[in-house]
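Reviewing the structure listed below.
2 protein chains.
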Amino acid sequence: MKDYEVFHAGDVALQHGPILAGSTLAYTTYGKLNEARDNVIVYPTFFGGSHVENEWLIGENLALDPSRYFIVVPNLLGNGFSTSPSNSVASPGPSFPLVTIYDNVKLQHRLLTEQFGVRRVALAVGWSVGAQQAFHWGALYPDYVERIAPFCGSARTSRHNFLFLEGVKAALKADQSFEGGAYRKPPIEGLKAFARVYAGWGFSQAFYRSECDIKDLGFPSLEAFILGVWEARFTKADANNLLSMIATWQAADISANTTYGGDFSRALGSIKARALVMPCKTDLYFPPEDSEIEVSQMPNAELRVIPSIWGHSAGALGRNKTDAAFIDRAIKDLLSA
Amino acid sequence: MKDYEVFHAGDVALQHGPILAGSTLAYTTYGKLNEARDNVIVYPTFFGGSHVENEWLIGENLALDPSRYFIVVPNLLGNGFSTSPSNSVASPGPSFPLVTIYDNVKLQHRLLTEQFGVRRVALAVGWSVGAQQAFHWGALYPDYVERIAPFCGSARTSRHNFLFLEGVKAALKADQSFEGGAYRKPPIEGLKAFARVYAGWGFSQAFYRSECDIKDLGFPSLEAFILGVWEARFTKADANNLLSMIATWQAADISANTTYGGDFSRALGSIKARALVMPCKTDLYFPPEDSEIEVSQMPNAELRVIPSIWGHSAGALGRNKTDAAFIDRAIKDLLSA
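Residue numbers (our numbering), protein chains in the order written: chain S, 1 to 337; chain D, 1 to 337.
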């Protein structure tokens with residue numbers, strides 16, 4: 001049984017030219033759209049994740065409360081649920097074109113307006129690449145979005161973040177059985193290498209110093225943690241899907257479009273939404289310094305640093321209760337403002 | 001013409017059992033040994049480096065002044081100059097055994113005593129894995145070493161540092177042409193992936209944010225920097241040599257020997273040498289927090305953080321003049337104490 005709905009967007013002209021034929025956006029919703037059609041929270045997924053993995057922040061008594069809000073979780077293009085290299089008939093595998101966050105958010109806007117007739121978004125929220133989508137919501141639809149709460153993400157992928165992604169890509173592609181994306185069997189060694197490289201970045205130095213992998217997450221050893229968390233996640237994924245999402249991530253920039261023409265400061269300054277930007281203190285690829293710089297150029301933004309040693313994985317999809325409560329509390333503050 | 005000397009150590013019983021037959025230590029010296037044989041500085045090489053790349057800290061008017069000191073630069077086992085997978089007749093390629101920093105420093109001690117009759121070491125200094133060797137000098141020869149100046153390194157490889165190395169290893173091995181180390185041609189794609197993964201770690205986020213790769217190092221782009229610095233370095237290296245040195249690095253621990261039986265605090269507490277420990281503020285794999293913890297357990301140590309955004313590459317082998325001057329100044333302070 002399918003646990004998601006599908007929005008059929010038809011043939012979509014992408015930002016960088018090509019048509020993505022038969023585009024679909026897989027999504028889930030929680031709660032009910034009110035009569036004014038303005039109790040909407042859009043909560044896009046993260047790199048490699050899917051709608052199910054967003055559920056840790058949704059629930060009764062949480063900020064994202066379905067008894068109050070209509071919460072829409074659209075899957076990132078390329079994640080295997082929305083149109084992706086793994087499921088596209090028109091552009092399968094390595095022929096899949098570059099899809100940007102701009103493309104994603106434009107499609108998400110169509111989902112909200114065409115499918116649900118949404119008139120205003122109360123909040124765009126997301127983690128990591130989900131946060132990048134929240135930033136894009138603020139910049140691309142300044143009069144449509146009341147609040148944004150990006151956490152552990154940026155309005156533009158930094159050069160260092162770009163470089164880290166070059167590394168994981170290279171590790172995957174070093175496996176000859178990847179065959180330039182034309183593999184018939186999964187390039188398993190490449191996926192394992194991808195996972196092992198990624199593992200170094202996903203938490204912080206202090207996380208490992210404190211042995212949180214063992215003491216908090218219950219793994220018997222670092223190696224078991226690498227296998228159980230990272231290999232398990234990425235060897236299940238389709239290699240071309242991962243690369244497609246990385247391309248999306250690497251190109252992320254709220255100003256890289258005709259509206260802002262690359263003027264990043266102007267794009268940040270155009271975000272009218274009340275913003276609560278939450279980097280994690282120890283994030284290795286979305287470090288708080290980048291958020292600080294971005295917030296300083298946004299007219300209506302607060303920086304609230306998540307005081308955690310869990311690095312980019314602050315909250316850990318709900319497994320870190322302290323971080324999750326911090327993030328939930330912050331979103332409550334934002335929603336009540 | 002060979003620009004180094006060779007110390008022939010014969011068949012050496014390694015710490016973890018096997019014999020390394022026909023062991024040699026390639027080394028260079030600068031300056032003259034005085035009559036008391038106590039003006040000696042030992043300055044071991046770093047991961048992937050060789051004696052030549054240590055020269056940026058040696059010279060007239062620098063702390064490591066050959067007119068005053070007899071400076072000995074021993075090459076790390078596995079680096080292609082000292083006994084290594086690439087040159088060992090008895091244990092070539094993937095059959096090369098695990099060599100520890102303990103093994104390296106024991107051999108270096110033999111070089112100093114047997115070859116030169118050195119009675120005391122005035123200073124053991126090094127960068128990165130060179131710093132790890134300096135720490136080992138302090139812990140293994142507490143009555144022989146007067147000072148140590150490890151910079152951007154640790155007395156024990158941290159769990160996170162270990163994990164980062166798992167990533168670069170996996171990237172290299174994902175290339176099937178590595179063939180478990182039995183390659184006949186260099187596994188070039190694996191080496192390139194190794195380099196690209198490594199690149200993300202070698203400097204800091206702030207380095208890339210400030211575009212130091214372009215503005216200070218003169219590369220036209222990030223990609224040119226990756227190719228010119230990282231690929232150029234690691235595609236020249238022998239894959240088994242890199243893996244051997246990584247194994248050395250991953251196992252580094254001044255207490256992992258019969259003297260200290262794994263009691264890290266006791267090993268740190270046994271370092272009698274006056275120590276100046278210099279982490280770089282933004283080092284991603286030898287972060288200053290680790291140095292702080294180590295220094296707090298050393299009886300005669302000062303922590304002096306290098307205030308640089310160049311991350312692990314503080315000094316950059318002399319290309320960052322400010323960092324280089326900071327490090328040189330600190331070593332001068334230590335030598336005059």
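Beta carbons: idealized from backbone N, C-alpha and C, even for Gly.
Below-8 Å beta-carbon distance, residue i vs any chain S residue
i              : result
F164 (chain D) : yes
S255 (chain D) : no
A171 (chain D) : yes
Q176 (chain D) : yes
Exposed unless 16 or more other CB atoms sit within 10 angstroms - verdict on residue i
i              : result
N300 (chain S) : exposed
P307 (chain S) : exposed
G262 (chain D) : exposed
D11 (chain S)  : exposed
N161 (chain S) : buried
R147 (chain D) : buried
K192 (chain D) : buried
H16 (chain S)  : exposed
R184 (chain S) : exposed
T157 (chain D) : buried
V145 (chain S) : buried
N89 (chain S)  : In the sequence under discussion, the amino acid at residue 89 (chain S) is Val, which differs from the Asn named in the question. Per the 10 Å Cβ criterion, exposed.
A325 (chain D) : exposed
S95 (chain D)  : exposed
C-beta contact flag for residue i and residue j at 8 Å
i              : j              : result
S277 (chain D) : E294 (chain D) : Per the sequence shown, the amino acid found at residue 277 (chain D) is Val instead of Ser. Their beta carbons are under 8 Å apart, which means V277 (chain D) touches E294 (chain D) by this criterion.
P150 (chain S) : G180 (chain S) : no
I271 (chain D) : P74 (chain D)  : no
N241 (chain D) : N79 (chain D)  : yes
I41 (chain D)  : A122 (chain D) : yes
A314 (chain S) : C152 (chain S) : yes
I246 (chain S) : L165 (chain S) : yes
A238 (chain D) : L57 (chain D)  : Reading off the sequence, residue 238 (chain D) comes out as Asp, not Ala. No, they are not a contact pair.
F70 (chain S)  : L25 (chain S)  : no
A174 (chain D) : A199 (chain S) : no
F47 (chain S)  : W249 (chain S) : yes
R319 (chain D) : R159 (chain S) : no
Y27 (chain S)  : L111 (chain S) : yes
A63 (chain S)  : I331 (chain S) : yes
G202 (chain D) : G311 (chain D) : yes
G190 (chain D) : A273 (chain D) : no
L268 (chain D) : A155 (chain D) : yes
D103 (chain D) : L14 (chain D)  : yes
Alpha carbon of residue i to alpha carbon of residue j, nearest angstrom
i              : j              : result
T29 (chain S)  : K2 (chain S)   : 13 Å
L140 (chain S) : I226 (chain S) : 38 Å
H8 (chain S)   : S221 (chain D) : 40 Å
K169 (chain S) : F194 (chain S) : 7 Å
P339 (chain S) : V6 (chain S)   : Because chain S here runs from 1 to 337, residue 339 (chain S) falls outside it and cannot be looked at.
G117 (chain D) : T83 (chain D)  : 23 Å
R120 (chain S) : S177 (chain D) : 55 Å
D283 (chain S) : L284 (chain D) : 11 Å
E53 (chain D)  : T45 (chain D)  : 8 Å
G228 (chain D) : E292 (chain D) : 34 Å
A232 (chain S) : D333 (chain D) : 51 Å
S67 (chain D)  : L335 (chain D) : 14 Å
A251 (chain D) : S128 (chain D) : 14 Å
G93 (chain D)  : M298 (chain S) : 56 Å
T259 (chain D) : P97 (chain D)  : 22 Å
S204 (chain D) : N61 (chain D)  : 30 Å
E55 (chain D)  : A171 (chain S) : 33 Å
G49 (chain D)  : D323 (chain D) : 19 Å
Chain-ordered neighbours of residue i on chain S, where CB pairs are closer than 7 Å
i              : result
P287 (chain D) : Q205
Any C-beta of chain C under 8 Å from that of residue i
i              : result
L222 (chain S) : In the structure shown, chain C does not exist; the protein chains are S and D.
C-beta neighbour in chain D for residue i, strict 8 Å
i              : result
R233 (chain S) : no
K192 (chain S) : yes
G167 (chain S) : yes
R196 (chain S) : yes
I246 (chain S) : no
E179 (chain S) : no
E189 (chain S) : yes
Beta-carbon neighbours of residue i, restricted to chain S and to distances below 9 Å
i              : result
H160 (chain D) : G200, F203, S204, Q205, A206, F207, Y208 and R209
Proximal chain D residues relative to residue i, where beta-carbon distance stays under 9 Å
i              : result
I226 (chain S) : L163 and E166
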